[in-house]
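*Asks:* I'd like to ask some things about the structure below.
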Amino acid sequence: MSDNIKPVELSAEELDNVAGGAFSFVIADNYNALDQQAGETVVGPHGGIGSSTVQQTTVSHQSLQEIKATGFFPSTLES
Numbered sequence: 000m001s002d003n004i005k006p007v008e009l010s011a012e013e014l015d016n017v018a019g020g021a022f023s024f025v026i027a028d029n030y031n032a033l034d035q036q037a038g039e040t041v042v043g044p045h046g047g048i049g050s051s052t053v054q055q056t057t058v059s060h061q062s063l064q065e066i067k068a069t070g071f072f073p074s075t076l077e078s
């Protein structure tokens with residue numbers, strides 16, 4: 000254990016909250032997509048043309064929902 004740990008006094012309300020339980024619920028999702036294409040155009044010395052294109056598409060999405068509470072514990076999570 001660390002020697003830097005010091006006692007902390009809690010108020011009556013804080014003690015009630017700790018005794019009543021705590022609840023944390025987190026939902027996170029992440030979505031990434033990457034599409035790359037490359038190309039070129041060439042005109043030959045003896046005729047003929049060749050061409051192509053370059054494209055890069057990047058899509059990103061993040062989402063985070065978080066709920067934290069003290070002083071109660073949802074009955075649906077009690078075992």
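Going by numbering that gives the first Met the number 0, the first residue of the sequence shown is number 0, and it counts up by one from there.
Beta carbons are placed, not taken as given, at the ideal position from N, Cα and C, and that holds for glycine.
In the structure shown, what three-state DSSP assignment does L63 receive?
*Replies:* Correct three-state label for L63: strand.
*Asks:* Based on the DSSP output, what are the partners of A33 in its beta bridges?
*Replies:* Sequence inspection shows Leu at residue 33; the Ala mentioned does not correspond to that position. DSSP output for L33 lists T57 as bridge partner(s).
*Asks:* Beta-carbon within less than 6 Å of A32's beta-carbon, same chain only, minus the 5 sequence neighbours each way: which residues are those?
*Replies:* Same-chain partners within the cutoff: V58.
*Asks:* Measuring alpha carbon to alpha carbon, tell me which residue in E13, I26 and S50 is nearest I66.
*Replies:* Minimum Cα distance to I66 is reached at I26.
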